[in-house]
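Participant: In the working numbering, the protein residues as written are 3 to 365.
In this text, a Cβ means the ideal position worked out from N, Cα and C, and glycines have one as well.
#1: Could you pull the start and end residues of the alpha helix (DSSP H) that residue 107 belongs to?
#2: When you compare only the Cα positions, how much space is there between residue 330 and residue 25?
#3: Quick check on the burial criterion: 16 or more other C-beta atoms within 10 angstroms. Buried or exposed for residue 74?
#4: Using CA atoms only, rank isn't needed, just tell me which of 188, 232, 207 is closest to residue 221.
#5: What distance in whole Å lies between the Cβ atoms of residue 192 and residue 173, which are believed to be in contact at a cut-off of 8 Å?
#6: Measure the Cβ-Cβ separation of residue 166 and residue 111 and say whether it is below 7 Å.
#7: Output the distance between the C-alpha atoms of residue 53 and residue 254, rounded to the nearest integer angstrom.
#8: Locate the beta strand (DSSP E) running through residue 386, then write down its first and last residues.
#9: Do you know whose CA, among 95, 76, 227, lies nearest residue 178's CA?
#10: Give the C-beta separation of residue 176 and residue 123 to the nearest angstrom, bearing in mind that I take them to be a contact with Cβ-Cβ under 8 Å.
#11: Quick one: grab the DSSP three-state call for residue 226.
#12: Taking the beta carbon of residue 250 as the centre, do at least 16 other beta carbons fall within 10 Å, making it buried, or is it exposed?
#13: State the CB to CB distance for the pair residue 117 and residue 30, rounded to an integer number of angstroms; the pair is presumed to be in contact (CB under 8 Å).
#14: Between which two residues does the beta strand (DSSP E) carrying residue 71 extend?
#15: Buried or exposed: where does residue 65 fall if 16 or more other Cβ atoms within 10 Å of its Cβ makes it buried?
#16: Between which two residues does the alpha helix (DSSP H) holding residue 327 run?
#17: Counting only runs that start and end within the segment 181–266, where is the alpha helix (DSSP H) found for 4 or more residues in a row?
#18: Hey, residue 102 and residue 76 are a contact pair by Cβ (cut 8 Å); roughly how many whole angstroms apart?
#19: Residue 182 and residue 223 look like a contact to me (Cβ under 8 Å); what is the Cβ gap, rounded to whole Å?
#20: Any idea if residue 318 is buried or exposed, counting beta-carbon neighbours within 10 angstroms, 16 or more meaning buried?
#21: Go to residue 152, then tell me how far its beta strand (DSSP E) extends in each direction, as first and last residue.
#22: By alpha-carbon positions, which one of 325, 327, 347 ends up nearest to residue 334?
#23: Please look up how many angstroms separate the CB atoms of residue 115 and residue 142, rounded, as I've assumed it's under 8 Å.
#24: Which class does residue 58 belong to by DSSP, given the choice of helix, strand or coil?
#25: Compute the Euclidean distance between the alpha carbons of residue 307 and residue 34, then round it to the nearest angstrom.
In structure tokens:
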């Protein structure tokens, strides 16, 4: 493999990559079992990449368990010199390819692991090059199962007292209520549930479920403005994919929000961020009551916008199994679905702040 497996330990300077033909990004995610998933994404710029090799270093203190996900066109080449290696013949121009995901467990020599793994992409055309990203200095933390946020007519308030998105405890969820959306004080609680086929619609066999959440609010309120939520998904997925949403009051009788007309704005998978999630999406819907509105699944967190009655219920979201297998999407497709000009490289540069800014109308 030669230089393909050479991973520098220096800090990654995003600004330095704008003259290069590719961008690479890595994210980590704790699973409920205690194992860790690391995922790598590669994005091309204005030219296609050919003869591509992707590698990710095995973080110190971990033991490799298995290759988990990769694009349909890619091949898993195994582990060499403590690096996991994949190859793919080509990545079209302005395209995100990934996730390339592997699973590890802590070997007992380290108590913590990095939030992202050192990774690299090498390609032979348009010009032979090697692009690298160092492991994150931040430590990866497991997500809490539930958390709450209290807000009033001022909306959600950040640490400096400004109206903006706030973290819902340690859940990895971000929640935003604009000023004037409600008239009184209320508390919303989110709880992540395990994704089990028995809990979700039986007629959705072709859906890969990204997440299942329960929401409760006391007292219940009516929202006069659109509210946004960023939900972690259970595993990294490709940003920009179309997402299906289902809602229920009892985990038995499910309603498709698209068919009910409840999903009104955005409903696409989207990536970005270090919110602690395995993936995310952007979706919009108008009702959020005792049938939890729509939300979706990308690779750092997921966003939803909703307006109307706000009460309690359950919401599940997923992508098609076929899209998950392909794991490739162009910037043009994401732009069309999102309604804004988005490049593939821009996504992997870290668009977590961008997507929520767009959703809450600040970009």
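Facilitator: Considering the structure as presented:
#1: According to the DSSP assignment, residue 107 belongs to no alpha helix (DSSP H) but to the beta strand (DSSP E) extending over 97–108.
#2: Distance between the alpha carbons of residue 330 and residue 25: 15 Å.
#3: Counting the other CB atoms within 10 Å of its CB gives residue 74 a total below 16, which places it among the exposed residues.
#4: By alpha-carbon distance to residue 221, the top candidate from 188, 232, 207 is 188.
#5: Contact annotation, residue 173 with residue 192: C-beta distance approximately 6 Å; criterion of less than 8 Å satisfied.
#6: No. Outside cutoff.
#7: So the two alpha carbons sit approximately 48 Å from each other.
#8: Nothing about residue 386 can be reported from this structure: the residues present for the chain run from 3 to 365 only.
#9: The option with the nearest alpha carbon to residue 178 is 227.
#10: That belief does not hold up - the Cβ atoms of residue 176 and residue 123 are roughly 29 Å apart, past 8 Å.
#11: Looking at residue 226 - three-state DSSP - the assignment turns out to be strand.
#12: Here residue 250 is buried: its Cβ has 16 or more other Cβ atoms, across all protein chains shown, within 10 Å.
#13: The C-beta separation of residue 117 from residue 30 comes to about 5 Å, placing the pair in contact by the 8 Å criterion.
#14: Where residue 71 is concerned, the enclosing beta strand (DSSP E) starts and stops at 64–71.
#15: Flag for residue 65 reads exposed.
#16: Secondary structure note for residue 327: its alpha helix (DSSP H) is the uninterrupted segment 323–328.
#17: 259–262, all fully within the segment 181–266.
#18: Residue 102 to residue 76, Cβ: 7 Å. Contact.
#19: Incorrect: roughly 12 Å between the Cβ atoms, too far for contact.
#20: Counting other Cβ atoms within 10 Å of its Cβ, residue 318 reaches 16 or more and is therefore classed as buried.
#21: Under the DSSP assignment, residue 152 falls in the beta strand (DSSP E) whose first and last residues are 148–153.
#22: Of the candidates 325, 327, 347, 347 places its Cα closest to the Cα of residue 334.
#23: Residue 115 to residue 142, Cβ: 5 Å. Contact.
#24: Assignment of residue 58 by DSSP, reduced to helix, strand and coil, places it in the strand class.
#25: The pLDDT assigned to residue 307 is 49, lower than 50, so where the model puts this residue is not dependable, and the model offers no usable value.
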